[in-house]
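One structure is given below, encoded as structure tokens.
Chains as they are written, first to last, in our numbering: chain A, 388 to 835; chain B, 388 to 835.
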């Protein structure tokens, strides 16, 4: 039977779901509304566009609305914002942001893929010119244009998470003097402190000034409304640009207003098939919650990998197949200049918070055979349950080739391996790639 | 109780076991006899010493006999060959290869870690000067000296396995014209043919001439006994150097003469604790068999990773702890110039030979986000059981960053994951490291 799917949000989750439905249901109507000017782009690539490694914002666009029409017969409208979900009439109210026209669009199935928005604190001056946060491709282009036009000499990054670290690199690449301020006593809150310190030290070596345990209280603008100073609870700094990287919140207002349930994280509650509490309404991507396989609870994750998987599962189920999203492990990876950073599973702080009795081991080794040219340092930290030896998590900080090893641990966690299983896993070795015991195995040996 | 361990063979397996025993049993006597001049070296590094990436053979030595004495109080005698095992008197007959003296050494426990030796075919001229095979560090140094002295212009490699491919690169790096001849109709027999072809094509592009389905019948030497020509069943070539890389055989003569059981592979049969059929005699490394977790039978593997694990397990058990070597997956990795090559589990050919009903998928993708600088091609082939979707194996061929992804699959095989489990595994993604679906997941999606 011919049905009609409406998708709210045209980035990773929404467009993956739309394309998946199309592959299964050739004759359905599929309509996507996206309030920004772009569909299906790599938000994770924006820092590298700002930093100059990626030449044009166009490179970040995976597929334009025209391509979706052509290749998938999906009608994707950009600059169209859904302003209301009317469950009783199975329709959404849409505003064309160009013409300002408002119209109803009915649906048989609705997918909410509204993403997340960066948090900006409610402090004076936050709306000044030169104050940014990272969300859409549009926001990245705005920042890029500001840099081109104003040639800022100095940048202040607030928040030392993934976005903060990546943007600090980007600003450094653009020749700015870069300051990073974090409220916590460490950057990279998803790493344990001693691992995060390796990153902080490297950032300092490369010229980033870090200020920990310090919170921004005020932004001072000049007469033209452009930022000139950032004030913290301890001091103040002159700055030409400020970027907030203090996290994101799921965009759930539409869902809330429609009476769709959320979970404690604030994200939309879904079942394993990505269905919401409302019949025929699904949610996927940053706006939806994810089950954490080790924490055994719903968490809020804002990552392209999860959004894509959500989209695939939601699309399959909407189109009538059966698919299940098993959950996440909290895997994440990034880089500062030449230093690679990755984590998966539980950190020590998380294991303590959960009351799990664990053992932990950290080792430093080399990314290749120690005698092989280009072999560099890698530090691996592993956690396992004290009773059973079941692996709980890993953190890796090191140079080229270090971080992608986190996938070995992610697969090991998925397969519920113990530290002993990891030691005896038949991992690969040749001198250009590894020491004879891979660093993750050296850590596992120490753990045992 | 103070005991005495004698180890025959002072490379990876033997020395790992000796060191492990020392860590558990502080007061035992530990004596190692090694017939070559070196202990504990990286045999896998020899091709890179020949190729010039590793400057000195000394870099390949992990620990000298002096270091073993100093750090572990282990007495390691090099240039000492054990010529007989006398089980009834629990002693070995040792020949000092320098003084030619022969003496008995008694033991409470004996570890056989005699390694493997390269196969040289019984053809005319095989003993000519300039004909080599790769085994000990000594053999690598002999080859290196020959290259220094004779400045060969051309080299012929017989056998397109790991050693053959690595040595072809080394000779190319040394400026030689290189020819590679393989009896089979493909190189890299552990890969399926179409994957091996990717390597062959790349080798050809880089200037290696490959001759497949061709067997060497004769080696012709000049009057000084130095190789000048190699003759195959199809043609003949002038060459200044010839290297056999046609496999190795386990060194089991001592064990055989002592009535210790071998398995069908020719290697010494051991239980999961690495104990042989004889009381108090253990075997580890290339001379011992390994259980293949997917083939569910004993196989012969000659790899540093396995030798180290064997050594660790044998050492633990000899010293009175309980340790088990679970088995291997047939993981292997290598490189030809910039091309990386890896495999684990079963190839299509192996699955067919076992009568397993399987499905397979191959994909080409990029090592990083496609728009990210330095993103290069990666081809992944996956196999899974047709009935259950359980993963069976993977092969990867690609450029920088491609091959180490095989460890994700090795961990997945260890954890008995299905293709669907792999698709939804929480693997890492950031543009400098991967596409949003890691290539191994793209392959798994296609497989489903």
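Glycine included, each C-beta is placed from N, C-alpha and C at the ideal position. All values reported here derive from a predicted model rather than from experimental measurement.
| Asked | Found |
| --- | --- |
| Chain A within 7 Å of residue 797/B, Cβ atoms only | yes |
| Chain-ordered residues of the stretch 425-452 of chain A with a beta carbon less than 8 Å from chain B | 429, 431, 432, 435, 440, 441, 446, 447 |
| Top-ranked residue by Cα proximity to residue 785/B, from 641/B, 827/B, 533/B, 551/B | 827/B |
| Touching by the beta-carbon criterion (3+ pairs, under 8 Å), the stretch 417-432 of chain B and the stretch 522-536 of chain B | yes |
| Boundaries (first-last residue) of the alpha helix (DSSP H) holding residue 724/B | Looking at the DSSP string, residue 724/B is not in any alpha helix (DSSP H), and its letter there is neither H nor E. |
| Proximity test, residue 729/B beta-carbon vs the ligand NAP heavy atom, cut-off 6 Å | Within the structure as shown, the ligand NAP is missing, as the structure has no ligands at all. |
| Backbone CA spacing between residue 643/B and residue 656/B [nearest angstrom] | 11 Å |
| C-beta contact flag for residue 419/A and residue 479/A at 7 Å | no |
| Contact under 7 Å by Cβ, residue 701/B with residue 498/B | yes |
| DSSP-derived helix/strand/coil call for residue 553/B | helix |
| Cα-Cα separation between residue 679/A and residue 765/B, rounded to whole angstroms | 31 Å |
| Test: residue 722/B CB closer than 7 Å to a CB of chain A | yes |
| Close-in-space but distant-in-sequence residues of the same chain around residue 698/B (CB under 6 Å, 5 per side omitted) | 400, 403, 404, 671 |
| Three-way DSSP call (helix, strand, coil) for residue 820/A in this model | coil |
| Beta carbon proximity, residue 691/B to chain A, threshold 7 Å | yes |
| Residues within the stretch 530-554 of chain B neighbouring chain A, beta-carbon criterion of under 9 Å | 549, 553 |
| Short Cβ contact (7 Å threshold) for residue 761/B with residue 805/B | no |
| 3-residue-minimum beta strand (DSSP E) runs that sit fully inside the stretch 430-506 of chain A, ordered along the chain | 462-464, 467-473, 478-483, 489-493, 496-499, 503-505 |
| Residue 732/A - partner residues in DSSP beta bridges | 780/A |
| Assigned secondary structure, residue 415/B (DSSP; H/G/I helix, E/B strand, else coil) | coil |
| Contact set between the stretch 699-715 of chain B and chain A, restricted to residues whose Cβ is under 7 Å from the partner | 712, 713, 715 |
| Closest by C-alpha distance to residue 607/B, when choosing among 634/B, 515/B, 552/B | 515/B |
| Where the beta strand (DSSP E) through residue 746/B begins and ends | 745-753 |
| Expected contact under 8 Å - CB spacing of residue 572/B and residue 599/B to nearest Å | 5 Å |
| Beta carbon proximity, residue 589/B to chain A, threshold 7 Å | no |
| Residue 637/B vs residue 673/B beta-carbon contact at 7 Å | yes |
| Runs of alpha helix (DSSP H) wholly within the stretch 598-672 of chain A (minimum 4 residues, chain order) | 640-644 |
| Any C-beta of chain B under 7 Å from that of residue 835/A | no |
| Stretch pair the stretch 532-541 of chain A + the stretch 554-563 of chain A: three plus CB contacts closer than 8 Å | yes |
| Residue 812/A and residue 797/B closer than 7 Å at C-beta | yes |
| Whole-angstrom distance between residue 447/B and residue 835/A, CA atom to CA atom | 28 Å |
| Residue-level contact to chain B via CB, residue 678/A, 7 Å cutoff | no |
| Segment contact flag, the stretch 717-730 of chain A with the stretch 814-821 of chain B, C-beta cutoff 8 Å, min 3 pairs | yes |
| Stretch pair the stretch 625-641 of chain A + the stretch 538-552 of chain A: three plus CB contacts closer than 8 Å | yes |
| Contact under 7 Å by Cβ, residue 505/A with residue 635/A | yes |
| As assigned by DSSP and simplified to three states, the class of residue 697/A | helix |
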